[in-house]
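So the sequence shown is numbered by our numbering: it starts at 87 and just counts up by one.
Where is the CB? At the ideal position from N, CA and C, for every residue including glycine.
Here's the structure we're looking at; comments come further down.
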Amino acid sequence: MNDFLEHFSLTGKTAWITGASYGIGFAIAKAFHAAGARIAFNDINQELVDKGKSAYQAEGIDAHGYVCDVTDEDQVQSLVKRIQSEIGSIDILVNNAGIIRRVPMTEMSAEEFRKVIDVDLNAPFICAKAVIPGMIAKGHGKIINICSMMSELGRETVSAYAAAKGGLKMLTRNICSEYGQYNIQCNGIGPGYIATPQTAPLRQTQPDGSRHPFDQFICAKTPAARWGAVEDLMGPAVFLASDASNFVNGHVLYVDGGILAYIGKQP
């Protein structure tokens, strides 16, 4: 049994998690560290990187933080070289950085649409492209794309986000198709509705003591009857980053409490 559990170890691995100063990326990085990995993360500006470094230090994690715009191919290529020089060649990439714009489609400008696509789809392509040659040279590699339930579903006001995440699902499958022969596994994680500081206003108790309407909606649509916690993503991320998933490729693992399996309660 002990030999089997070693397949889940990330000891000696170097992991790069994009946009991991806080939130889901931060939780995944903590899980990777607990499993033995060395951690590199980036964010869009120095303020966020410093905030992330402080958070990692508070957890006793010696994480390496860098400023990098993941939509800029030259910056990404330079960062990959720097990580290789300062920490080690990258074994695990998590494409976590992302944005969302909640605007009705007919009110969204093409420029706004392109921005979401650039961050949520083009950037994962750019980052994966930068690390794959090193993974081929090492003979192994893990790429995890943070997809979404919007990789499968549509919803009002998120046309750009859904288009990007649907594209990211297919990019995940195509990286598998092209580079699986080099022992590179590319999979996705599709979080459900996760309780984070960003979603806290949607879960606040109303002045009359009732739950927020959106909170009621999500819990009613989720068989688990609750929001997810960032900790719910830690085990799936370690699994997909470890040797335990070496024959899992091109798959999106939805961590959604069962929403995608459920049609909902009859009114």
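According to DSSP, is residue i helix, strand or coil?
i: P277; result: strand
i: L239; result: coil
i: L96; result: coil
i: A126; result: strand
i: I169; result: helix
i: Y142; result: helix
i: A315; result: strand
i: V341; result: strand
i: Y265; result: helix
i: M194; result: coil
i: R200; result: helix
i: P309; result: coil
i: H119; result: helix
i: C233; result: coil
i: D301; result: helix
i: P353; result: coil
i: A246; result: helix
i: R259; result: helix
Would you list the one or two residues that DSSP bridges to residue i?
i: Q290; result: Looking at the DSSP assignment, Q290 forms no beta bridge with any residue, so it has no partner.
i: V271; result: Looking at the sequence itself, residue 271 is Gln, so the reference to Val does not match. Answer by DSSP bridge pairing, in chain order: K228.
i: I178; result: A101 and K228
i: V153; result: D129
Work out the CA separation of residue j and residue i for me, nearest whole Å.
i: P283; j: A106; result: 15 Å
i: M235; j: Y340; result: 7 Å
i: I114; j: E145; result: 13 Å
i: N147; j: F90; result: Strictly speaking, residue 147 in this sequence is Ile, with Asn absent from that position. In a straight line, the C-alpha of I147 is about 26 Å away from that of F90.
i: I178; j: A126; result: 10 Å
i: K351; j: Y268; result: 45 Å
i: V162; j: G295; result: 48 Å
i: V334; j: S195; result: 39 Å
i: I261; j: P210; result: 11 Å
i: G225; j: A286; result: 43 Å
i: N332; j: G276; result: 19 Å
i: K116; j: H150; result: 13 Å
i: K251; j: T291; result: 31 Å
i: R124; j: G253; result: 30 Å
i: S263; j: V338; result: 14 Å
i: A121; j: L319; result: 14 Å
i: I110; j: A330; result: 22 Å
i: H354; j: E92; result: The chain is shown from 87 up to 353; residue 354 falls before or after that span and cannot be answered.
i: Y142; j: Y108; result: 9 Å
i: L288; j: S171; result: 43 Å
i: E197; j: E242; result: 19 Å
Taking the CB atoms as reference points, tell me whether residue i and residue j lie closer together than 9 Å.
i: G274; j: I203; result: no
i: W213; j: T104; result: The sequence shown places Cys at residue 213, not Trp. Yes; because the gap between Cβ atoms is below 9 Å, this pair is in contact.
i: G227; j: I173; result: no
i: Y265; j: I304; result: no
i: Q216; j: V166; result: Note on residue identity: the sequence assigns Ala, not Gln, to residue 216. Yes; because the gap between Cβ atoms is below 9 Å, this pair is in contact.
i: V324; j: F94; result: yes
i: A101; j: A327; result: yes
i: D206; j: G240; result: no
i: A223; j: I280; result: no
i: I169; j: M221; result: no
i: I130; j: N182; result: no
i: G336; j: C272; result: yes
i: G278; j: I345; result: yes
Between the segment 302 to 315 and the segment 134 to 150, do three or more beta carbon pairs fall short of 8 Å?
No: the two stretches stay apart, fewer than three of their Cβ pairs being nearer than 8 Å.
Assess, as a yes-or-no matter, whether the segment 252 to 270 is touched by the segment 286 to 302 under the definition of 3 or more beta carbon pairs within less than 8 Å.
No contact exists between the segment 286 to 302 and the segment 252 to 270.
Are the segment 150 to 158 and the segment 192 to 210 touching by the rule of at least three beta carbon pairs closer than 8 Å?
Yes, they touch.
Counting Cβ pairs closer than 8 Å, one from the segment 183 to 193 and one from the segment 242 to 254, do we hit at least three?
Contact between the segment 183 to 193 and the segment 242 to 254 is established, with three or more Cβ pairs separated by less than 8 Å.
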